[in-house]
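Numbering (our numbering), first residue to last: -13 to 203. Think of the CB as a built atom: it goes at the ideal place given N, C-alpha and C, for glycine as much as any other residue. Let me begin by presenting the structure, written as structure tokens, before commenting on it.
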């Protein structure tokens, strides 16, 4: 399992550096007026840090028939899929730590800072569960079409986000997470992390069955 993690980690590192740099630029652009929509928009980067490398790796595996080769090695398919699905969780963890540390450099009110923490934790839980759904779709359908779809969606949302956080009217659509987290204790959103990991494990079991069906049926 560690060999597969090392083999695929480089792709996550490359994408992570690029996307976290973009995320840092967005945080920096809002340094004079930290608002919760900035935390929401930065969650898009968190999602694509987890998903785009996984899609890229899977596309390469399909192109070069990587899974049939891996099955000739003393490896179980479960080990391969588990390693591949462990990497998005690691990527989200790094992104969460990055965001929690980075925005601490901003001047803002304690309530806004606290809400940003809650939004990041809340969105991290959602991203983990969505990543599990992506693996299910990826093992069920054509990964190249799925990858193209997510790239287009990513470009749209990030461009839209850059405009929205600076627009007086449009930016309001990114304020709905603030309504969810405002007034609620932080521990609720911390508790959501293990719950999302439980859902992710169920997604892993389903993705594994789908991959077995495609390879061996």
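Inter-residue spacing [alpha-carbon to alpha-carbon] between residue i and residue j
i	j	result
residue 189	residue 13	32 Å
residue -6	residue 173	33 Å
residue 49	residue 65	21 Å
residue 42	residue 70	12 Å
residue 130	residue 191	23 Å
residue 77	residue 198	26 Å
residue 63	residue -9	14 Å
residue 79	residue 201	31 Å
residue 156	residue 102	For residue 156, the predicted structure reports a pLDDT of 48, less than 50, and the residue's modelled location is therefore unreliable. The matter cannot be settled from this model.
residue 29	residue 108	10 Å
residue 67	residue 178	24 Å
residue 194	residue 122	8 Å
residue -1	residue 75	13 Å
residue 9	residue 26	11 Å
Nearest to residue i (by Cα), restricted to the options the options
i	options	result
residue 196	126, 169, 175, 132	126
residue 73	37, 87, 85	37
residue 180	110, 119, 83, 135	110
residue 135	34, 1, 26, 10	34
residue 169	132, 128, 142, 98	98
residue 7	138, 85, 40, 47	85
residue 216	32, 137, 187	Since the first and last residues shown for the chain are -13 and 203, residue 216 lies out of range.
Boundaries of the alpha helix (DSSP H) in which residue i is found, first to last residue
i	result
residue 88	63 to 88
Test: residue i CB closer than 9 Å to a CB of chain D
i	result
residue 180	Among the chains of the structure shown, chain D does not appear; only one protein chain is present.
Which of helix, strand or coil DSSP assigns to residue i
i	result
residue 117	helix
residue 39	helix
residue 1	helix
residue 49	helix
residue 128	coil
residue 184	helix
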